[in-house]
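Here the structure is laid out as C-alpha cells; the discussion comes afterwards.
In my numbering, the protein residues as written are 32 to 594.
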C-alpha cells in the first residue's frame, strides 16, 4: 500500500482535539486561517506522497557514500531536496522578512510528521536547516541574518549543528574544539565533531555549520562555550560562493538505519567562522534550536510509526495464514486476535503521540505570540514528553510492524525492518529519552510542579465532565506521583523513576486526547475505548516504578553486574 500522509488526521486534531484557532486569533499568526492551513496540509501531503515516499527504499538500499572527499547522496535525493526547497517547505515557520511563510510551528510540526513518514532520511536535511534558521533568527547579527537566512530558508543552502565530539558524548561541556579570534570579526575553528547529520553532501551549493567551540578565555564546562557559523564555502559580500573553507568530512558513520542520511565526522582545521550571539553564551543559543528540534525528533517518531502502521496493515489485509474463529472473517491474518490487538495498539499510539506533539507545538506558538508565562511553562513541560513519547512510539510501533509480518518481517525485502532500524536513533537524538526524563522531573519541576498540576487540573475537569472514570483515576494517580516527585529532594531518587514518570504522564495525556476525539467524532469512539481500556492502564505500573526510588538499583555492587 502506498504511503498516505496524515493531512486529514491533522485537520481533525487542529479542529477538535488541539484547536489551532486560538493561535490564529493572535496578531502574530493571523494569517494562519483555516483555509490557509488546509491548503498547506493538502499540498504538503502531495509532496510527501508523490515525491518523498518513493525515495524511502532508495535511501536504504543505496546509502550515501564518501568518494574522494565528496559525499554522494542516494539516487533521487538531490531532486527531492530541490522539490522541498522549491515548495518553500524549509521556511514554513521562518520569518517572512527573510522569505519564510511565517506560519505557526504547529503547522510545521504537522509537516515534519508527514515528511518523516514519507522518507525520514531525506527529511533530516530540512529539519536541521529549520533549527539553524531559528537559532540565527534569535541570535545572529543583522549582517549574518541577511547573508544566511534567505539562502537557508529558500533551500539554496542547508544547515547543520555540530555539538558532539568523540570523547564528550552528551557532555557537551567537555568539548575541546577551539576558536581563535582573527582580529577582524572572524575566528579560526579547529577541532573534530561527530554524528553530524547531513554534514556533507552534493545536494546543495553550500552547507552552513553551527559549531560549538571554546574561545581562549572560555572557562571549562558549558559556560565557556561559544557558537559559530562556519560555511563550507565562504560567501562573498553579494552572497556568491567564494573560497572553500578549511573543513572536511573525514568519514561517514556506518549506521543501523537512516542510511540515506549522511552522518559525518567533520574536521575543522582553522576554518573561518563568525560568532553567533554573545561570547561564552553558545549553549543558550544552541538550546534555542534544540528545544524545538526535540519536538521535531518526536514527530519523526510519529511519522515513522504512521508509515510502519500503514505498511503492516496492508500486509495483514492481504496475508492468508491459519484460521480465525470470528464469524464472517476475511480469511486474512487481520482476523487473528493478536494481529488485531497489535494493529489497534499501533493506530491508537500514533494518534496519541501525534496529538501530544500538536499540543506541544500549539503551546510554543501561544507562548511566542503572547509572551504569556503560563504558555511558556506549558510548552516547557510538554517538550520532553512530546520528544520521548513520539520517539518511543516510533520504535514500538515499528517493532510491532515487524511482528505482524512474522518471519517475513525479518527479511529485508518486505521493508518492514527498515522502519524499526530508522526509528531506533530517535530515542537517542537531541538528548536521550533518559535525559529528557531527568529534565522533566528536575528542571521542569523547579516551579514546585505548578505547570504539571495546572495541566492535570485542566484535563481532570474535562474527564469529570465526560464521566470518564478510568481517565479520572489515571489523572489522580499521576497527580499523586507528581506530588511525590516535588517532595523528593534527592535528585537521584527522582532520576531513578524519571523515565517511568514521563511515560505515565504521556500515557494519560494520550487518553485525554482520545477522549476529546471520541467526543468530536463518534467514528473514533471505538479506537478511543481501546486506548483507554487496553493501553492507558500501563500508567499504574509506571507510577509505581516512578515512586520506587533508587535504593534497589544502587543496591547492586559493581561486582554484581559481572557476567
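Cβ atoms here follow ideal geometry from the backbone N, Cα and C, with glycine treated the same way.
Original post:
Do residue 533 and residue 471 come within 8 Å of each other at the CB atom, strictly closer than that value?
Top reply: yes
**OP:** Out of 268, 226, 301 and 270, state which residue places its alpha-carbon closest to the alpha-carbon of residue 282.
**Re:** 226
Original post:
Taking the Cβ atom as the reference point for each residue, do residue 100 and residue 279 lie within a distance shorter than 8 Å?
Top reply: yes
Subject >> Cβ pair count under 8 Å reaching 3, the segment 218-232 against the segment 92-110 >> reply: yes
Original post:
For the candidate residues 126, 548, 115 and 125, whose alpha-carbon lies nearest to that of residue 145?
Top reply: 115
Subject >> For residue 167, the nearest candidate out of 430, 180 and 157 (CA to CA) >> reply: 180
Subject >> Given residue 398 as reference, the closest of 389, 385, 410 and 387 once Cα atoms are compared >> reply: 410
**OP:** If I'm right that residue 48 touches residue 547 with Cβ under 8 Å, what's the distance once you round it to whole angstroms?
**Re:** Yes, they are in contact, since the Cβ atoms of residue 48 and residue 547 sit about 5 Å apart, within 8 Å.
Original post:
With a CB to CB cut of under 8 Å and the five nearest residues on each side skipped, what residues in its chain are close to residue 465?
Top reply: 529 and 530
Original post:
Would you report the Cα separation of residue 308 and residue 130, rounded to the nearest angstrom?
Top reply: 22 Å
Subject >> residue 169 - DSSP class collapsed to helix/strand/coil >> reply: helix
Subject >> Where residue 442 falls: helix, strand or coil (DSSP) >> reply: The DSSP-derived three-state label of residue 442 is coil.
**OP:** Pick helix, strand or coil for residue 580, following the three-state DSSP scheme.
**Re:** coil
**OP:** Return yes when the Cβ of residue 345 is within less than 8 Å of the Cβ of residue 436, no when it is not.
**Re:** no
**OP:** Note down the Cα distance separating residue 218 from residue 566, rounded to an integer number of angstroms.
**Re:** 54 Å
Original post:
So what's residue 565 in DSSP terms, helix, strand or just coil?
Top reply: helix
**OP:** Please state whether DSSP places residue 371 in a helix, a strand or coil.
**Re:** helix
Subject >> Neighbour-count burial assignment, residue 58, 16 or more Cβ in a 10 Å radius >> reply: exposed
Original post:
Does the beta-carbon of residue 585 have 16 or more other beta-carbons within 10 angstroms, so that it is buried, or is it exposed?
Top reply: exposed
Original post:
Does the Cβ of residue 237 have 16 or more other Cβ atoms within 10 Å, making it buried, or fewer, making it exposed?
Top reply: buried
Original post:
Could you give the uninterrupted runs of the alpha helix (DSSP H) lying entirely in the segment 458-540, keeping only those of 4 residues or more?
Top reply: 464-472, 481-497, 500-518 and 522-527
**OP:** Apply the 10 Å Cβ neighbour rule to residue 287 and answer buried if 16 or more other Cβ atoms are within range, or exposed otherwise.
**Re:** It counts as exposed.
**OP:** Answer yes if the segment 61-68 comes into contact with the segment 410-424, meaning at least three C-beta pairs across the two stretches below 8 Å, and no otherwise.
**Re:** no
Original post:
Which residue or residues does DSSP assign as beta-bridge partners of residue 542?
Top reply: Per DSSP, none; premise fails for residue 542.
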